[in-house]
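Engineer: For reference, the structure I am asking about is given below.
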Amino acid sequence: MAPAKPRDRPVAVTGPAGAWPEDAATPDADDRHRSERDGRRLCLEALFESDFGQRTAREVLERRIEESAADPVAAAHARTLVDAVVRDRVGIDAAIERAAPQWPVVSLARIDRSLLRSAMGELLHCPATPTAVTISEWVELARSYSGESARKLLNGVLGRVAREASRRPRPGRPGGDQTTTDDQEEPPT
5 MAPAKPRDRP VAVTGPAGAW PEDAATPDAD DRHRSERDGR RLCLEALFES
55 DFGQRTAREV LERRIEESAA DPVAAAHART LVDAVVRDRV GIDAAIERAA
105 PQWPVVSLAR IDRSLLRSAM GELLHCPATP TAVTISEWVE LARSYSGESA
155 RKLLNGVLGR VAREASRRPR PGRPGGDQTT TDDQEEPPT
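Here the sequence shown is numbered in our numbering, starting from 5 and rising by one per residue.
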């Protein structure tokens, strides 16, 4: 995968975790959306490359951020996603297996596995991103990086997991902070 290309537009300064400082001019929604999309691509590239075992996802990500001259919002979003996947890879893989038992995570192509893990990381661990946005963005990335079968797989898995998650509180939202329960419904076969 080729690294993301640097942008020609000026980079806005952000605060911690990519948040726009209160005293800075807030970028328009298109700039924010573009930066978050770039962060998703950086995350995907880092997880894909790290799947070959030469470097950790965090090491790869930092190199890619530097090489691409990613803006602070893209870098922060990518770090959040990579950290979520690295921290909860076992839980993410288990959720994928429950949602699509006919597609074991270990047997997926590396790019499809990286797409699914990245998308699940955002879906389950980034409550500020609306569910529909998460699904739409990752399905589009699957179409670009893998193909129609990966797009369908991501759409199905993310949709099923989102429906299950909507039945219980998401972290950072009123009503609780758990993301999984032991009494989850088994997917139909």
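For every residue, glycine included, the Cβ atom is placed at its ideal position computed from N, Cα and C.
Remember, predicted model here, so these are calculated numbers, not experimental data.
Give the single residue among Val77, Arg62, Gly57 and Glu144 whose Cα lies nearest to the Cα of Asp32.
Structural biologist: When each option's Cα is compared against that of Asp32, the closest is Val77.
Engineer: Tell me which residue opens and which closes the alpha helix (DSSP H) that Trp142 is part of.
Structural biologist: Thr135 to Tyr149 is the span of the alpha helix (DSSP H), which, as asked, contains Trp142.
Engineer: With distances taken between CB atoms, is the gap from Ala104 to Val165 smaller than 7 Å?
Structural biologist: No, Cβ-Cβ distance for Ala104 and Val165 is not below 7 Å.
Engineer: Cα-Cα, which of Arg167, Leu46, Ser111 and Arg93 is closest to Gly125?
Structural biologist: Nearest C-alpha to Gly125: Arg93.
Engineer: According to DSSP, is Arg67 helix, strand or coil?
Structural biologist: If DSSP states are grouped into helix, strand and coil, Arg67 belongs with the helices.
Engineer: Report, in whole angstroms, the separation of the C-beta atoms of Gly120 and Tyr149, which I expect to be a contact under 8 Å.
Structural biologist: As written in the sequence, residue 120 is Leu, which differs from the Gly given in the question. Their Cβ separation, rounded to whole angstroms, is 12 Å, which puts Leu120 and Tyr149 out of contact at 8 Å.
Engineer: Between the Cα of Glu152 and the Cα atoms of Thr133, Asp116 and Glu71, which residue gives the shortest distance?
Structural biologist: Comparing Cα-Cα distances from Glu152 to each of Thr133, Asp116 and Glu71, the minimum goes to Asp116.
Engineer: Give a yes or no on whether the C-beta atoms belonging to Leu158 and Ala123 are separated by under 7 Å.
Structural biologist: Yes; because the gap between Cβ atoms is below 7 Å, this pair is in contact.
Engineer: Where does Phe56 fall in DSSP's three states?
Structural biologist: DSSP places Phe56 in coil when its eight states are reduced to three.
Engineer: Cα-Cα, which of Ala169, Ser170 and Trp142 is closest to Cys47?
Structural biologist: Checking every option, the nearest Cα to that of Cys47 belongs to Trp142.
Engineer: If you draw a straight line from the alpha carbon of Ala74 to that of Asp42, how long is it in whole angstroms?
Structural biologist: Approximately 8 Å between the Cα atoms of the pair.
Engineer: Excluding sequence positions up to five away, which residues of its chain have a Cβ less than 8 Å from the Cβ of Arg44?
Structural biologist: Cβ neighbours of Arg44 beyond the five flanking positions: His81, Ala82, Leu85, Ser122, Glu126, Glu141, Trp142 and Leu145.
Engineer: Can you give me the Cβ contacts of Cys130 inside the same chain, cut-off strictly under 8 Å, excluding the 5 residues immediately before and after it?
Structural biologist: Same-chain partners within the cutoff: Thr84, Leu85, Ala88 and Thr138.
Engineer: Residues in its own chain within less than 7 Å of Arg68 by CB, not counting five upstream and five downstream?
Structural biologist: The residues are Pro7, Leu46, Glu49 and Ala50.
Engineer: Below 7 Å CB to CB, which residues in the same chain sit around Thr60 once its five sequence neighbours on both sides are set aside?
Structural biologist: Once the five neighbours on either side are set aside, the close Cβ partners of Thr60 are Ser54.
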